[in-house]
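Asker:
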Amino acid sequence: MTKISVLLPVYNAEDFLARTLDSLIHQTYTDFEILAVNDGSTDGSLKILKEYADRDKRIVIIDQKNMGLVNTLNKAAGLAKGEFLARMDSDDLSLPRRFELQIEAFEKNPDAVLVAGGFDVMDEDDDILYHDPVPTEKEELKRALFVRNPIAHGSVMFRKSAFEKAGGYSSECGPTEDYELWSRLVELGDFIAVAPTIFRWRINPGGITQNKAKIMGEHMKANIENFTSRNELAVVPRSYLKKRGGFYVDTYKPHGVGMKHTMLKDCTGVAMAFARKGKYGKALHQLLAVASTGRTGVRIVNERLTNTSKYYIRVYANKNNAKPTTIENA
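This is the structure:
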């Protein structure tokens, strides 16, 4: 039985597709198939897929009329022979040990249903713009779901059995099908992440438009509210934040400081979630716990409160047909 099935939807990706395929076929872990679904491309994507498939029999091509991302992913998952499903987008890159590290993580954590990892953000020329640290602790990943999507879609590997039990991707959530799936998968088992960078996500100017970004924001807000209504929030104590922050800084160089910062920032988001639920005492308790961890915590809380104040001032001004005001000129 094949261990991993890679779900690779392809639509007009000829500019980057060869690099993406190279990053997959040169993985150190070799027991996988690549389900490359050509979703009605009108450029040279299909030709590139055929050239690679001729050289590497692990590449299986499915050629179809355009069905859209969600339908394409669900179709590929239904054809998958692997115990695990790995996502990959046709303009991104997987680093050589990605599959090896993710399979090792599953073997060490039998309750895990999804393994993510740290990732870099790059431009059209493969130049790295910045690193996006991902907390490794399962509770921290789940906590982040109350605030944002902490996981790059193209970097994940999840159990096929859990994916099927969750019901697959939904077409009812606009361009946020990844977060919406995570919100259901996390109720079936643990999410964990490996600390090393395993993936590079490309910012593609031809990708998300401003209109789509606005729609995504609206769907994300609804998805997070839905997730929050189904799951209980808990205040994270100062003792845990100090201990875990120190662990990140000491253990994961050079990205440990960023991982600590991300964890603390997510906790301020949890405080805001408490406030939205009317639990102001817990919101204050959480903010004080973050601030008491040190200068970084104080700065994060101050930035969050300042930005929140600016937001509500703008909302108030707009509702009253007044000129939008900020803290600086209030």
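The sequence shown runs 364 to 693 under this note's numbering.
Beta carbons: idealized from backbone N, C-alpha and C, even for Gly.
No experiment lies behind these values; they were computed from the predicted model shown.
#1: Kindly provide the ranges of any alpha helix (DSSP H) runs that are 4 or more residues long and lie completely inside the segment 388–435, ordered along the chain.
#2: Put Gln573 into one of helix, strand or coil per three-state DSSP.
#3: Indicate whether Met451 and Leu380 have their beta-carbon atoms separated by less than 8 Å.
#4: From which residue to which residue does the beta strand (DSSP E) around Tyr555 run?
#5: In angstroms, rounded to a whole number, what distance separates the CA positions of Lys501 and Lys628?
#6: Using 8 Å as the Cβ pair cut-off and three pairs as the minimum, do the segment 377–393 and the segment 450–467 touch?
#7: Let me know the secondary structure DSSP gives Tyr493 once reduced to three states.
#8: Check whether the Cβ atoms of Val478 and Thr435 lie closer than 8 Å to each other.
#9: Would you say Ser533 and Leu508 are within 8 Å of each other, going by their C-beta atoms?
#10: Mark Glu540 as exposed unless 16 or more other C-beta atoms lie within 10 angstroms of its C-beta, in which case mark it buried.
#11: Going along the chain, which unbroken runs of the alpha helix (DSSP H) with 4 or more residues stay wholly within the segment 448–501?
#12: Can you tell which of Arg563, Lys438, Thr591 has the C-alpha that lies nearest to the C-alpha of Lys640?
#13: Hey, would you say Glu377 sits closer than 8 Å to Ile411, going by beta carbons?
#14: With C-beta atoms as the reference, is Gly310 less than 8 Å away from Thr560?
#15: Under the assumption that Ala636 contacts Val497 (Cβ atoms under 8 Å), give the Cβ distance between them as a whole number of angstroms.
#16: Between which residues of its own chain and Val612 is the CB-CB distance below 7 Å, once the five residues before and five after are set aside?
#17: Kindly indicate the opening and closing residues of the alpha helix (DSSP H) around Leu627.
#18: Any Cβ of chain B within less than 8 Å of the Cβ of Asn586?
Answerer: Here's the rundown:
#1: 408–418
#2: Translated into positions along the sequence shown, residue 573 becomes position 210. Low confidence applies here, because Gln573 scores a pLDDT of 42, under 50, leaving its location unreliable and the question unanswered by this model.
#3: Taking the first residue of the sequence shown as 1, we reach residue 451 at position 88. Taking the first residue of the sequence shown as 1, we reach residue 380 at position 17. It is not a contact, given that the beta carbons lie outside the stated cut-off.
#4: Your numbering for residue 555 matches position 192 in the sequence shown. Residue identity check: residue 555 is Ile in the sequence provided, not Tyr. Where Ile555 is concerned, the enclosing beta strand (DSSP E) stretches over 553–565.
#5: Taking the first residue of the sequence shown as position 1, residue 501 is located at position 138. Taking the first residue of the sequence shown as position 1, residue 628 is located at position 265. In a straight line, the C-alpha of Lys501 is about 16 Å away from that of Lys628.
#6: yes
#7: As a position in the sequence shown, residue 493 is number 130, starting the count at 1. Strand, per DSSP.
#8: Here residue 478 is taken as the residue at index 115 of the sequence shown, counted from 1. Here residue 435 is taken as the residue at index 72 of the sequence shown, counted from 1. No. Outside cutoff.
#9: If you number the sequence shown from 1, residue 533 lands on position 170. If you number the sequence shown from 1, residue 508 lands on position 145. The answer is no: Cβ separation not under 8 Å.
#10: Numbered from its first residue, the sequence shown carries residue 540 at position 177. That one is buried.
#11: 461–471
#12: Here the question's residue 640 lines up with position 277 in the sequence shown. Minimum Cα distance to Lys640 is reached at Thr591.
#13: Within the sequence shown, numbered from 1, the residue matching residue 377 stands at position 14. Within the sequence shown, numbered from 1, the residue matching residue 411 stands at position 48. Yes, they are a contact pair.
#14: With the chain covering 364 to 693 only, the question about residue 310 has no answer from this structure.
#15: Position 273 of the sequence shown holds residue 636. Position 134 of the sequence shown holds residue 497. Incorrect: roughly 20 Å between the Cβ atoms, too far for contact.
#16: Within the sequence shown, residue 612 is the residue found at index 249, counting from 1. These residues qualify, in order along the chain: Gly619, Val620, Lys623.
#17: Taking the first residue of the sequence shown as position 1, residue 627 is located at position 264. Leu627 -> alpha helix (DSSP H) spans 619–639.
#18: Among the chains of the structure shown, chain B does not appear; only one protein chain is present.
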